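Residue numbers (numbering that gives the first Met the number 0), protein chains in the order written: chain A, 0 to 322; chain B, 0 to 322; chain C, 0 to 322; chain D, 0 to 322. See below for the structure under consideration.
Number of protein chains: 4
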Amino acid sequence: MTTSQSSPATTASSAARLTGVVPPLLTPLTAEGEIDMVSLERLVAHLLEGGVDGIFALGSSGEVAYADDARRAQVLEAVTGFVAGQVPVIAGVIDMQTDRVLHHLREAERFGLDGYVVTAPFYAITGPEEIDTHFRTIAAAADGPIWAYDIPVCVHTKLSAPHLLQLGRDGVITGVKDSSGDDVGFRRLAAANRAAGSPLTLLTGHEVVVDGAYLSGADGSVPGLGNVDPAGYARMHRAAQAEDWALVRQEQDRLAALFEIVFQPTDKVGPAAGIGAFKTALRELGIIATNNVSTPMSPLEGEAVGKIRTILEQTGLLGGAHA
Amino acid sequence: MTTSQSSPATTASSAARLTGVVPPLLTPLTAEGEIDMVSLERLVAHLLEGGVDGIFALGSSGEVAYADDARRAQVLEAVTGFVAGQVPVIAGVIDMQTDRVLHHLREAERFGLDGYVVTAPFYAITGPEEIDTHFRTIAAAADGPIWAYDIPVCVHTKLSAPHLLQLGRDGVITGVKDSSGDDVGFRRLAAANRAAGSPLTLLTGHEVVVDGAYLSGADGSVPGLGNVDPAGYARMHRAAQAEDWALVRQEQDRLAALFEIVFQPTDKVGPAAGIGAFKTALRELGIIATNNVSTPMSPLEGEAVGKIRTILEQTGLLGGAHA
Amino acid sequence: MTTSQSSPATTASSAARLTGVVPPLLTPLTAEGEIDMVSLERLVAHLLEGGVDGIFALGSSGEVAYADDARRAQVLEAVTGFVAGQVPVIAGVIDMQTDRVLHHLREAERFGLDGYVVTAPFYAITGPEEIDTHFRTIAAAADGPIWAYDIPVCVHTKLSAPHLLQLGRDGVITGVKDSSGDDVGFRRLAAANRAAGSPLTLLTGHEVVVDGAYLSGADGSVPGLGNVDPAGYARMHRAAQAEDWALVRQEQDRLAALFEIVFQPTDKVGPAAGIGAFKTALRELGIIATNNVSTPMSPLEGEAVGKIRTILEQTGLLGGAHA
Amino acid sequence: MTTSQSSPATTASSAARLTGVVPPLLTPLTAEGEIDMVSLERLVAHLLEGGVDGIFALGSSGEVAYADDARRAQVLEAVTGFVAGQVPVIAGVIDMQTDRVLHHLREAERFGLDGYVVTAPFYAITGPEEIDTHFRTIAAAADGPIWAYDIPVCVHTKLSAPHLLQLGRDGVITGVKDSSGDDVGFRRLAAANRAAGSPLTLLTGHEVVVDGAYLSGADGSVPGLGNVDPAGYARMHRAAQAEDWALVRQEQDRLAALFEIVFQPTDKVGPAAGIGAFKTALRELGIIATNNVSTPMSPLEGEAVGKIRTILEQTGLLGGAHA
């Protein structure tokens, strides 16, 4: 019943093999809150030059939850245009329940995407059978591969390893973006996936423990911080492929030090702190024009900005020899 | 900065005084999953004949989380038409973050609604300042009063009593639909509201403890079970107004016995059980045609249906003298 | 297998009928952190003069979690001495798992208590079968009736209504002290209990919604705030027995206003705020000598004390005509 | 204010350097539920022969929550006797609040332990200042180093990295046993600890992701599964010290496969499943006599036992060449 079998072979096969570094692309905004297309183009170029293997548009870091339908379409049109086939582009079709996700799928179809990222249903409480129906219904309607996005901090449901594996074996999903924070569960999923012939591609969303995820069996990462330092994540991925664990750890330790930028705002939580810090860093690096974020969030100001600059310097991204 | 001050005086004043029984209207579906307009009209008539004081369309019980934008518009057009001004109609504009809610507001404006129901932001983690900006931004854009919908089981944030009261004093919200399950917090909110001159209208969403909520100071209820037995909730409300607590308790105990229908499905959770049971009861009562529910849920079948019939009989709604 | 059947008939029958107001007795401390026996005696007298129906020693409000075994014995010896049979005394035998609770039972036996209060196991994760074994093992070893203490905020397990009812029918427990905060669940438990012939006595632990609990079917309350104003809770109970709901609500509203004392400390959480406020109020009322609390908590100081005095005055307990 | 400065230098310095593999020792029981001293001696010998660096008695895996004070003393006397100084022995002094922990400290002093393991307070809700007072009060009273045991699944509080580091800098604690499941937080703690000159020794309690913890900066592990295969964890530790990451991963993958024993019981949760599986494996390996566990748990039976045997065979511990 998988759609990927009936979709154009080139798209399906290329996306099915999407591994490595696939950052969840930020959405730069102007001071007035509109999409800043010039900054978005520069950001895409920054990622491609950094050596990323794919781009994930309209993820949580892309402020998908804040974007109305018109903005979502604007983002997809712009990003697929800027990327122009250099790497696969996958997109979040994030919404509460099945029919609303199907709506986003239909809207996104015209952009020639290489895959769609789908969470468990949320808002309304949902049991295992319904989660299963949700993914199968969406996959049957999609013109490309489906990635399961395991993000309980947002949807308040954890996708179980046996269920994910079953969906992989049945060709319903092509892979998992794991942002569950459950490293024990991730290793169990990776081991079970290997034992089943690796039907799933496994990407971790946790920026500061990608090295451990590689040991567990991750095929790559979806690091929000990869917007700021894509080259660092690309180097770490190549080192992991080469089993050069000393280098993996060295890059990871540096990237973990860089990740401290998200803890500098003391008056904000969640994406207002995290995305706010990523955008502030990119502004300081000259890649995007503002650190503005979607309503109802407000941009970082004050001491946090200076502290972020200091961290960028200490980790070699600003005014140093490393970058 | 309140919109209600600038909106048509008649609408604002009538809705501002909306108290009593305001059931969250179910959305009957055909076997094919489309809106069953004939059943919807009968259900609206059932509520009006039962003596409800208002109707809340597109709430959680109305399967708003499952409805794409087209369906939401269909529901609002049909319901406002069927109600035809006999009682106020308020509608949920439920979505993840501010801009998406604003989109639903713009879509809903043409239906002449008497108010809008708004939750805290969800999916992305959000702090107190952002929740405040969220409600103020939406109120400023709305052509009618805003109700805060406190439903942490869905949005995973509890609206605090001091914040709700401040929003009420500032004219941002007209009232609260409390589905928080926090009866201690509700009494504190009610007491603080009274002390402040009652800027807020307080409705409880918990079907089986409305009597206690009346003692605490509730102005009415938003009972999902009120779809099944609107007359029972209307009798209880009149008894509470008359301070006839023996009758309040008698009705509440009968309605609590009726509410046991939602616990009969042993293989379902959340709305698949709750809305499923309400729809099954209404089908058995001859008011709607099917007990179908939105994808990815599936309708109740098997033993649960017979048990629901028995409860309808025991509580006087089927084949008895009471109804 | 019930112990109550084989225990001395007088104890079992008197305790089995324990209803009404049963405050969880505070444990007054000296400035040095020892039990203040003079204050404890005065506090017991205050409760008895207020008209309480029983006393619950070594509950959460009695700082049982902080008391080592020697202190627990001191409290029980003193309290049973001061009460001297005027009302039943029940005691918490609170500990992590079965054998540790059995140890406390054996220690407590010599004090001639009228019942024991037992929580679900905690610290180690425990499933339904183990919770069942836990209560049955303890009841089989006890020389008096067992009360189930449903307090998920402390033990992180909710006792289910069907399980409690089964334990009641089997004579394992005599009643429930409900501090679950789940008013919907409490009404379901009360209704099921009535339908089963009322094997259980049901007491609520939520000070500010006792009126609603009476409507639901509570047989009484276990209010921490009853240490401060036992007479108020006794008046409310008599009014509820007389079905004088206007008076019930009037007392409850006043007691809810009094309960605001626990929200005055802005720098403390949990019992440091709650027990701290109760002890501060009792010190201001001249009943106990200090507001000291167990290590690692520290006593209330500063502005909160003045605010508590003001609330005592506003609710008629200090310098007013009401008390 | 640290006690370790005033405690015997040899004990403090040796324990302060405790790194490597420190399994939380199981407590074997007879069929009648008494401590099985013969099995306990064999289990200690099994660990020492496996090459462990220390032994942690009376941890969660040692069923400390189930053990009354007499049993705790029995365990400590026996274990310190069996170990006889070959490796350091540290012990859990786990209880709800400060004074109860101090009681266990006093009881344990006579056994010449090399350190004590202390959790955050539990049962009663506790804030940051109280947690700080708790650890400082206990450390001031202890005759050996204190380890902070970060186990939110049991105590429902997460110890924060900045607080742990401050306690380390102040000499209050010597190290952390991290069972928090928060791998992101663990890496941040490890990085901050290194930057501060490594005042803390960091041990991870998560058996299947020790490899990733080593990359993050762990000094060792406290693996419950290390009771079953101490030699495997010792090999992994030596490989990590030698930076032989291919071998680390190979051992970790095998140990993760072995850990699947805890998922075989489908009718149990928590320690009834986990400790039950460890004990069943050790019985099948001929090291302990029964798989009995403390009341209210019941031992594993049925299919799970056969599945555990199969896993022992597949991972080289039973009937194979590896062991």
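Cβ coordinates follow ideal geometry from the N, Cα and C atoms, glycine included. Just so it is clear, the structure is predicted and the values come from calculations on it, not from any experiment.
Counting along the chain, residue 145 of chain A sits inside the beta strand (DSSP E) bounded by residues 145-149.
DSSP, reduced to helix, strand and coil, places residue 38 of chain C within a helical segment of the structure shown. Looking at the DSSP output, residue 220 of chain A shares a beta bridge with A/20, A/203.
In terms of beta-carbon proximity, residue 99 of chain C lines the interface with chain D, with at least one pair separated by less than 8 Å. Going by DSSP, residue 132 of chain C is part of the alpha helix (DSSP H) stretching over 127-140. A straight line joining the alpha-carbon of residue 120 of chain C with that of residue 243 of chain C spans about 39 Å.
Excluding residues up to 5 positions away in sequence, 231 lie with their Cβ nearer than 6 Å to the Cβ of residue 254 of chain A in the same chain. Counting along the chain, residue 172 of chain A sits inside no alpha helix (DSSP H), nor does DSSP assign it H or E at all.
Residue 307 of chain C: member of the alpha helix (DSSP H) spanning 302-313, first to last residue. In this structure the segment 302-317 of chain C does not lie against the segment 17-30 of chain D, because fewer than three pairs of beta carbons, one per stretch, are closer than 8 Å. Uninterrupted alpha helix (DSSP H) stretches at least 4 residues long and entirely within the segment 227-298 of chain A occur at 229-240, 244-258, 269-283, given in chain order.
Any Cβ of chain B closer than 8 Å to the Cβ of residue 178 of chain A would place that residue at the interface, and such an atom is absent.
Nearest in C-alpha terms to residue 237 of chain C, of all of C/35, C/51, C/133, is C/51. Sequence-distant partners of residue 123 of chain A (beyond 5 residues in either direction) whose C-beta falls short of 8 Å from its own C-beta, in its chain, are 95, 96. For residue 116 of chain C, the uninterrupted beta strand (DSSP E) segment begins and ends at 115-118.
In this structure, the beta-carbon distance from residue 248 of chain A to residue 210 of chain A falls below 8 Å.
In this chain, residue 78 of chain A is not harboured by any beta strand (DSSP E); it is covered by the alpha helix (DSSP H) spanning 68-82.
When C-alpha distances from residue 292 of chain A are compared across A/270, A/308, A/47, A/280, the shortest belongs to A/270. Distance from the Cα of residue 156 of chain B is smallest, within the candidate group B/63, B/106, B/131, for B/131. The residues 216, in chain order, have a CB closer than 7 Å to that of residue 193 of chain A in the same chain once the five nearest residues on each side in sequence are set aside. For the segment 267-295 of chain D, the beta-carbon criterion of a distance under 7 Å to any beta-carbon of chain C is satisfied by 267, 268, 269, 270, 271, 293, 294, 295.
Taking residue 258 of chain A as reference, the option from A/183, A/265, A/280 with the minimal CA-CA separation is A/280. Taking 8 Å as the cut-off, the beta carbon of residue 82 of chain B is found no closer than this to the beta carbon of residue 115 of chain B. Taking C-beta separations shorter than 7 Å and ignoring five residues to either side along the sequence, the partners of residue 273 of chain A in its chain run 223, 261, following chain order.
Residue environment for residue 109 of chain A: exposed (fewer than 16 other C-beta atoms within 10 angstroms of its C-beta).
Taking 8 Å as the cut-off, the beta carbon of residue 275 of chain D is found closer than this to the beta carbon of residue 299 of chain D. Distance from the CA of residue 225 of chain C to the CA of residue 60 of chain D, rounded to the nearest whole angstrom, comes to 41 Å. The alpha-carbon of residue 289 of chain A is positioned some 24 Å away from that of residue 53 of chain A. Residue 245 of chain B is classed as exposed because its beta carbon has fewer than 16 other beta carbons within 10 Å across all chains shown.
Under the three-state reduction of DSSP output, residue 177 of chain D falls in the strand class. In this chain, the alpha helix (DSSP H) harbouring residue 167 of chain A covers 160-168. Here the alpha carbon of residue 151 of chain A sits roughly 25 Å from the alpha carbon of residue 134 of chain B.
Look at the segment 208-236 of chain A: the residues with a C-beta under 8 Å from a C-beta of chain D are 208, 210, 211, 212, 214, 215. Residues of chain A whose Cβ lies closer than 9 Å to the Cβ of residue 205 of chain D are, in chain order, 182, 183. Listed along the chain, the chain B residues whose CB falls inside 9 Å of the CB of residue 41 of chain C amount to none; the nearest CB is some 29 Å away.
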